[in-house]
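2 protein chains.
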Amino acid sequence: MTAAIIVALPTDAAVDYGGGVTDCASCVVRNRAICASLDADELALLGKLGRNHRVKAGHTLLWEGDDAPVVANVLEGVLKLVVAAADGREQIVGVVFPSDFIGRPFGKESPYSVTAMTDAEVCIFNRKSFDDFASAHPDLQHKLLRRTLDELDRARHWMMLLGRKSAEEKVASFLLEMSERLSGQGCGAGTQSGFELPFGRQQIADILGLTIETTSRQLTRMRAEGLLDLPSRREIVIHDRAAMEAIAG
Amino acid sequence: MTAAIIVALPTDAAVDYGGGVTDCASCVVRNRAICASLDADELALLGKLGRNHRVKAGHTLLWEGDDAPVVANVLEGVLKLVVAAADGREQIVGVVFPSDFIGRPFGKESPYSVTAMTDAEVCIFNRKSFDDFASAHPDLQHKLLRRTLDELDRARHWMMLLGRKSAEEKVASFLLEMSERLSGQGCGAGTQSGFELPFGRQQIADILGLTIETTSRQLTRMRAEGLLDLPSRREIVIHDRAAMEAIAG
DNA sequence: ATTTTTCGTTGATCCAGGTCAATGTTCCAG
DNA sequence: CTGGAACATTGACCTGGATCAACGAAAAAT
Chain X
1 MTAAIIVALP
11 TDAAVDYGGG
21 VTDCASCVVR
31 NRAICASLDA
41 DELALLGKLG
51 RNHRVKAGHT
61 LLWEGDDAPV
71 VANVLEGVLK
81 LVVAAADGRE
91 QIVGVVFPSD
101 FIGRPFGKES
111 PYSVTAMTDA
121 EVCIFNRKSF
131 DDFASAHPDL
141 QHKLLRRTLD
151 ELDRARHWMM
161 LLGRKSAEEK
171 VASFLLEMSE
181 RLSGQGCGAG
191 TQSGFELPFG
201 RQQIADILGL
211 TIETTSRQLT
221 RMRAEGLLDL
231 PSRREIVIHD
241 RAAMEAIAG
Chain V
1 MTAAIIVALP
11 TDAAVDYGGG
21 VTDCASCVVR
31 NRAICASLDA
41 DELALLGKLG
51 RNHRVKAGHT
61 LLWEGDDAPV
71 VANVLEGVLK
81 LVVAAADGRE
91 QIVGVVFPSD
101 FIGRPFGKES
111 PYSVTAMTDA
121 EVCIFNRKSF
131 DDFASAHPDL
141 QHKLLRRTLD
151 ELDRARHWMM
161 LLGRKSAEEK
171 VASFLLEMSE
181 RLSGQGCGAG
191 TQSGFELPFG
201 RQQIADILGL
211 TIETTSRQLT
221 RMRAEGLLDL
231 PSRREIVIHD
241 RAAMEAIAG
């Protein structure tokens with residue numbers, strides 16, 4: 001379970017690993033990422049520590065159990081956080097979108113793998129440098145704390161889903177949450193009922209603690225009952241949101 | 001799902017609700033709680049905001065969904081964090097021990113209920129006052145961030161257990177984790193193999209996402225196989241730790 | 001355009017763990 | 001010490017979701 005980190009570390013700046021230099025001022029997630037807590041001077045300082053980097057779909061940025069030398073902000077794309085058992089069983093324990101933060105600041109090995117589900121772009125920091133910078137910038141740390149508290153709330157509600165909900169309830173809950181989070185991504189104001197999932201059936205199963213077959217059957221049944229439409233592999237259109245919420249519980 | 005908060009709020013200091021005044025300097029968790037980040041002056045200031053309070057086993061300190069007006073440190077006892085479904089199904093999403101932090105700082109309603117599993121003593125703060133104090137004390141906030149990151153790691157590994165492990169693996173993992181956390185409590189240096197759980201079978205089931213019957217059967221079977229002993233209702237003695245770890249995966 | 005590969009659906013069957021029910025055990029209260 | 005309540009164990013049975021297997025459909029490669 002060991003792998004080379006495929007990114008340029010800031011300390012290796014003499015060599016060009018292909019990581020683009022960061023220009024925070026024009027960053028697409030400038031106002032949504034934790035960096036939003038910084039003023040222009042601080043931002044310039046942080047910018048020197050960060051390197052933009054592209055990750056192809058399916059590639060892994062951090063490996064569970066490895067010493068994690070980097071943290072990052074997501075600029076574009078969707079990545080999954082995965083905890084795996086020795087025999088290959090996988091549980092997706094988090095899904096991160098643009099402006100979300102990746103990695104484990106302040107010591108410790110990475111408690112999970114981070115893998116791109118779509119082609120992605122991330123702004124990477126050497127962990128030690130980031131830790132030092134964060135320690136010196138309480139506002140940044142405050143943002144990070146709020147984010148971590150939110151993530152913890154989300155994780156705990158997902159524990160309820162994993163431990164106590166039926167397959168039907170799991171799928172309904174999942175579709176509603178994805179509908180919300182994905183519409184939060186784009187510019188659309190309200191929650192639209194149609195959306196495109198950034199991943200396939202197996203990954204839905206790994207999020208819900210189900211098999212791919214059960215996941216597929218639940219979706220097919222919901223379509224048969226008129227709750228939703230499946231125009232293509234990854235598109236979902238929820239017809240009866242109220243009914244879906246009733247099922248999700 | 002609404003209930004009166006049964007504690008004295010600092011702002012009502014004119015009235016005695018029975019909450020004891022806090023003396024941080026002599027606090028039993030002084031060096032382990034987040035307060036350890038503060039110097040004597042800061043501690044005195046925080047002490048004015050806090051009130052010690054006793055909670056009887058089974059009583060609930062915070063209710064899921066209510067506006068949560070307080071946060072707290074645990075001084076003594078064990079409490080559970082619970083997410084419940086409308087039909088009564090419960091999932092325990094966290095267990096807190098002395099020196100652990102309770103509550104949801106920085107806005108929002110409480111995402112779960114907090115209920116004492118044993119008689120407990122907590123040091124309570126008005127949330128707003130605590131938020132302000134924390135915002136003004138980066139070291140405290142740093143401690144809180146580290147704790148929250150640790151909790152998040154723990155929660156995510158618990159998600160793997162809930163979503164992907166068998167009943168046998170769940171019980172084995174649970175016993176090992178409890179063995180560690182409970183020995184961390186006492187003064188014993190190493191991890192002893194015998195310990196007393198602070199809760200009953202139903203609550204183990206609610207932690208593992210199982211029924212009480214399945215939990216009981218797994219324990220009985222493990223005893224029959226010589227893996228452990230069950231000297232009394234709440235006592236566990238692990239005989240073959242290596243085997244237990246192999247099962248936990 | 002055709003082959004190959006990957007991904008998704010559907011069916012048949014099985015079994016881990018849930019459900020229902022009875023019994024045993026521990027712990028208080030009186 | 002006794003009766004009862006709460007908790008735990010055990011048994012019989014059932015079912016939701018896993019597993020095994022085949023097939024279909026879309027995308028990627030040639």
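In the order they appear, the protein sequences are chains X and V. Quick note on numbering: the UniProt record's numbering labels position 163 of the first sequence as 163, and the sequence is numbered without any gaps. Quick note on numbering: the UniProt record's numbering labels position 210 of the second sequence as 210, and the sequence is numbered without any gaps. We put the CB at the ideal spot given by N, CA and C, even for glycine.
Beta-bridge pairing by DSSP links V/Asp41 to no other residue.
Boundaries for V/Ile204: no beta strand (DSSP E) harbours it, while the alpha helix (DSSP H) harbouring it runs 201-208, taken from the DSSP string. Residue pairing for V/Lys48: DSSP places it in no beta bridge. Rounded to whole angstroms, the gap between the alpha carbons of V/Val114 and V/Val21 is 22 angstroms. Excluding the 5 residues flanking it on each side, X/Glu90 has same chain C-beta neighbours closer than 7 angstroms at Val82, Ala84, Asp206, in chain order. Around the C-beta of V/Thr220, fewer than 16 other C-beta atoms lie within 10 Å, and the residue is accordingly described as exposed. Residues of the segment 142-154 of chain X with a Cβ closer than 8 angstroms to any Cβ of chain V, in chain order: His142, Leu144, Leu145, Arg146, Thr148, Leu149, Glu151, Leu152, Asp153. Sequence-distant partners of X/Thr60 (beyond 5 residues in either direction) whose C-beta falls short of 6 angstroms from its own C-beta, in its chain, are Ser113, Thr115. For X/Ser173, the number of other beta carbons within 10 angstroms of its own is at least 16, and it is reported as buried. Within chain V, Leu145, Arg146, Leu149 have C-beta atoms less than 8 angstroms from the C-beta of X/Phe106, given in sequence order. Less than 8 angstroms divides the Cβ of V/Ala248 from the Cβ of V/Glu169. One Cα belongs to X/Lys143, the other to X/Ala25, and the distance between them is close to 18 angstroms. The beta carbon of X/Ser135 falls within 8 angstroms of a beta carbon belonging to chain V, placing the residue at that interface. Chain-order list of chain V residues neighbouring X/Ala86: Gly249, by C-beta distance under 8 angstroms. Taking one beta carbon from each stretch, the segment 65-74 of chain V and the segment 101-111 of chain V have 3 or more pairs nearer than 8 angstroms; the two touch. Annotation: X/Thr214 is outside any beta strand (DSSP E); the continuous alpha helix (DSSP H) that includes it extends over 212-224. When secondary structure is reduced to three states using DSSP, X/Gly249 falls in the coil class, being assigned neither helix nor strand. Under DSSP, the beta-bridge partners assigned to X/Ile92 are X/Val82.
Taking a Cβ-Cβ threshold of 8 angstroms, the residues of chain V close to X/Val83 are Arg156, His157, Met159, Met160, in chain order. The alpha helix (DSSP H) runs lying completely inside the segment 86-144 of chain V and spanning 4 residues or more are 127-135, given in chain order. Among the residues of chain X, those whose CB is under 7 angstroms from the CB of V/Pro138 are Pro138, Gln141, following chain order. One finds Asp153, Arg156, His157 in chain X with Cβ atoms closer than 8 angstroms to the Cβ of V/Pro111, taken in chain order. When rounded, the separation of the alpha-carbon atoms in X/Leu43 and X/Asp23 is 9 angstroms.
Residues Ala167 of the same chain have their beta carbon placed closer than 6 angstroms to that of X/Thr214, with the five preceding and five following residues left out of the count.
In the displayed model, V/Leu197 falls within coil according to three-state DSSP, outside both helix and strand. CA-to-CA, the gap between X/Trp63 and X/Ser110 works out to about 7 angstroms. Inclusion of V/Ala120 and V/Glu151 in the CB contact set at 8 angstroms is not warranted, their separation being larger than that value. In the displayed model, V/Arg233 falls within coil according to three-state DSSP, outside both helix and strand.
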